[in-house]
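Chains D and C, in that order, give the protein sequences. Mapping the first sequence onto the numbering used here, position 382 (from 1) lands on 382, and the numbers just tick up by one. Mapping the second sequence onto the numbering used here, position 119 (from 1) lands on 119, and the numbers just tick up by one. Every residue gets a Cβ at the ideal spot worked out from N, C-alpha and C, and that includes glycine. These numbers were taken from a predicted model, which means no experiment stands behind them. Note sheet for the following structure.
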Amino acid sequence: MASVFEYAPAPESRAIADIAPSYGLFIDGEFVEAADGKVFKTVSPSTEEVLSEVARAGSEDVDRAVKAARRAFEKWSALPGAERAKYLFRIARIIQERSRELAVLETLDNGKPIKETRDADLPLVAAHFFYYAGWADKLDHAGYGANPRPLGVAGQVIPWNFPLLMLAWKIAPALATGNTVVLKPAETTPLSALFFADICRQAGLPKGVVNILPGYGDAGAALVSHPEVNKVAFTGSTAVGKEIARTVAGTRKKVTLELGGKGANIVFDDAPIDQAVEGIVNGIFFNQGQVCCAGSRLLVQESIQEELLDSLKRRLSTLRLGDPLDKNTDIGAINSEEQLTRITSLVEQGEAEGAERWSPACELPESGYWFAPTLFTNVTQAHTVARDEIFGPVLSVLTFRTPDEAVAKANNTPYGLSAGIWTEKGSRILAVANKLRAGVVWSNTFNKFDPTSPFGGYKESGFGREGGRHGLEAYLDV
Amino acid sequence: MSDARLSVFKTYKLYVGGKFPRSESGRVYEVTDSKGKWLANAPLSSRKDARDAVVAARKAFGGWSGATAYNRGQVLYRVAEMLEGRRDQFVREVADAEGLSKSKAAAVVDATIDRWVWYAGWTDKIAQVVGGGNPVAGPFFNLSSPEPTGVVAVLAPQESSFLGLVSVLAPVIATGNTAVVVASENAPLPALSLAEVLATSDVPGGVVNVLSGRTAEIAAPLAAHQDVNAIDLAGADEVLAKELEIAAADNLKRVLRPQPVDYTQTPGTDRMTAFLETKTVWHPTGSLGASGSSY
């Protein structure tokens, strides 16, 4: 479809994010080099430009960081909750103050549109710290008995899709409950966590309470298996999650895993089509579909399939893909070459297995990692694109005739993280929601997040909940 | 030379609907420190001032109760930030009002600031502690949620002019109520100065209204007012409290009776729940047939 409107470029200034040429590990309140001196480069996925060179943590560094966190634990956990709360409130406020800087930084390092980092990631990050700040002196009221105790040192490994938000989900409840933290950001997106280290400094957080170790999977594995780590929190792939579950077997470590998903977005024939289309687009193209709770399977009632797909295709033709720093951009870059390769290969497999592939006319930039929004129709439940988590801007469309069939198909997956229901009928929403084996069910909306609301999966999407009152349990000895 | 300079006195005024009026009656009364030294002339509020304050509080209720809990938390936290900036002023005023040493007054002010922070954190948690889903024996979704009761008249404690005041005011507005506060009769100045903090803290006008004067004189029309939903009698003595509770029965106001409270201790949730209604919503869940999902 020819573009109706031409947009002038509206780039956000990147000058606000002052990225140093190199960064160290953040251990015991100091930036230090890795013990073995190793470094790695972090690139902007939209341009492949090297943004900075970052120290790469190894097992010796993990040990140093865990020991620093252990030393800090005694005092930190003994602080009155009201004092811990004030540290977290400070952090929340500084994040709000520096949110544009952090949004630009995140967009540069991750490749996602500035519209999302500015309007979704950063407000949620600050809100998460605010929310858990308030719990720090109210743990007696949280429903876990009087004076619940922290676990100790939390080893936390986070993914690259929402770097700072995942950091907030991990660190805020850990600190509020009195634990200390060693956190490993993903190797493709280490920068915002390192900027967060600076925020800890500004907030006057005691040294050793938060330690940040940029690195690869080997550092994550060393952290998870470290004998002095009392709590393991991981967000990432189901394969790695299972590996972690094996690693901690037989120990006393408390574990929460937030893993993959293959969320079903179910559209009934009475759904408001335009709203549903917006929800479908948001469900699978938010953050280029690199979202564990993405609505990557569209289950549409057969009678409205044609109408819905026409609307959906028309809407996809208006999505703007390109410079993530441009305020008009809807679809940014894929986070890494590795992820792009994975998406590409799964999509090719989908075509080879007989599903019908469609994308709007969409010009991809020459450098960087890009993938056009993609739809698959004529998809069956046996197809790889209906079963495997693609973690990219790829939607598989299936159909159903009855609510029972919709539920059966929605649940026909080893995952169980999210689902969406679109219908005007309230009782149907609740009946279907009751039957869905998923940790989060969105009705007539999708991809809504709030610090007060618990998030997490059934089945192989992991266990434990993050957010809300429930999110405290993962960090308490209860 | 500072010794030679004559200081500028502050005219203490009421706080009603986000503005700082004098009493419509034109009356003031002398406020002294614990040793009898003159501090200021405070407005001596009339029943008309009380009624004006109720109108302002009612007008503000829709917006404040309709704001997200997160937003209210942000605003209350902002109050703590502003108070911290005016710490010295309040230490002076509390020391004068309550006859405390500077260091004891400082401890009171610090505790007061922390009390705002405590309640700022409650705005988006109280529903998670006192509300929840109910497993009714039928195909229904059933959810109970707390909601603010409306306009709350607050008779601030007489002795604890600042920590006590904030300890009774903050829980009322944290949950979305709006308040008409009657300041400590003999020590109203910290309350009137707090109004200046509220006015510069993103608290919408009318959410908190502060009156100074004779507690018994102002409380009577508030307790009898048909557009007041609840009254906290913390600052009333036993005889007055009983009279007011009787008057409050006319429209079945929620009444929090005076009780001995150690305001230096971390509070519970009772001052919030006293001014909350519980709303329970039923909705049919329909049925997809008896069989559970087999996955």
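Within 7 Å of the CB of C:D52, no CB atom of chain D is found; the nearest one sits about 34 Å away.
Close CB contacts of D:F31 within its chain, under the 6 Å cut and outside five residues either way in sequence, are with G24 (chain order). Here D:G467 is near D:S453, since their CB atoms are less than 7 Å apart. With a threshold of 7 Å between beta carbons, D:S99 makes no contact with chain C. Listed as beta-bridge partners of D:T235 by DSSP are D:E258. For the segment 101 to 120 of chain C, the beta-carbon criterion of a distance under 8 Å to any beta-carbon of chain D is satisfied by D114, V117, W118, A120.
Only buried fits D:A406, as 16 or more other CB atoms lie within 10 angstroms of its CB. Residues A103 of the same chain have their beta carbon placed closer than 6 Å to that of D:R118, with the five preceding and five following residues left out of the count. Looking from the CA of D:E60, the closest CA among D:Q349, D:S13, D:A431, D:A222 belongs to D:A222. Annotation: Cβ neighbours of D:T452 in chain C (cutoff 9 Å, chain order): A69, Y70, D124, K125, A127, Q128. Cβ atoms of C:L155 and C:A219 come within 8 Å of each other, at about 6 Å.
The beta carbon of D:A174 lies closer than 6 Å to those of A154, V181, Y475 in the same chain, with the five residues before and after it left out. Where D:V277 is concerned, there is no enclosing beta strand (DSSP E), although the alpha helix (DSSP H) around it starts and stops at 273 to 285. At a cut-off of 7 Å, the C-beta of C:H225 has no neighbouring C-beta in chain D. Under DSSP, D:G462 shares a beta bridge with D:E258. With a 10 Å radius around the Cβ and a threshold of 16 neighbouring Cβ atoms, D:T380 comes out exposed. Assignment of D:N444 by DSSP, reduced to helix, strand and coil, places it in the coil class. For D:P403, no beta strand (DSSP E) run applies; the uninterrupted alpha helix (DSSP H) run containing it begins and ends at 403 to 411, by DSSP. According to DSSP, C:I231 shares a beta bridge with C:A153, C:V255. Note on D:V50: under 16 other CB atoms within 10 angstroms of its CB, so exposed under the neighbour-count rule. Between the segment 37 to 51 of chain D and the segment 97 to 115 of chain D, the count of Cβ pairs shorter than 8 Å is three or higher; the stretches touch. In the structure shown, D:P150 adopts extended strand secondary structure according to DSSP, grouped into three states. Any Cβ of chain D closer than 7 Å to the Cβ of C:F141 would place that residue at the interface, and such an atom is present. Against chain C, the CB of D:H470 has no partner CB under 7 Å away; the residue lies outside that interface.
The contact set of C:S65 on chain D, defined by CB atoms closer than 7 Å, is empty, because the minimum CB distance reaches about 17 Å. Take D:D330, set aside five residues on each side of it, and the residues of its chain with a beta-carbon closer than 6 Å to its own are L319, R320, in chain order. With the criterion set as a beta carbon lying under 7 Å from some beta carbon of chain C, the members of the segment 386 to 419 of chain D are P403, D404, V407, N411, N412, in sequence order. The bridge partners DSSP lists for D:D326 are D:P11. For the pair C:F162 and C:E217, the Cα-to-Cα distance works out to about 21 Å. Residues of the segment 74 to 102 of chain D with a Cβ closer than 7 Å to any Cβ of chain C, in chain order: A82, A85, K86, F89. Short of 6 Å from the beta carbon of D:K231, and not among the five residues preceding or following it, lie these beta carbons of its own chain, in chain order: L151, A154, K254. Runs of the beta strand (DSSP E) lying entirely within the segment 35 to 69 of chain D, each at least 3 residues long, are 39 to 43, 50 to 55 in chain order.
Taking 9 Å as the Cβ-Cβ cut-off, the segment 182 to 205 of chain D has no residue approaching chain C.
Residues L259, G260 of the same chain have their beta carbon placed closer than 7 Å to that of D:S237, with the five preceding and five following residues left out of the count.
Taking a beta-carbon distance threshold of 7 Å, C:P146 does not count as an interface residue toward chain D. At a C-beta separation below 8 Å, C:T269 has these neighbours in chain D: H141.
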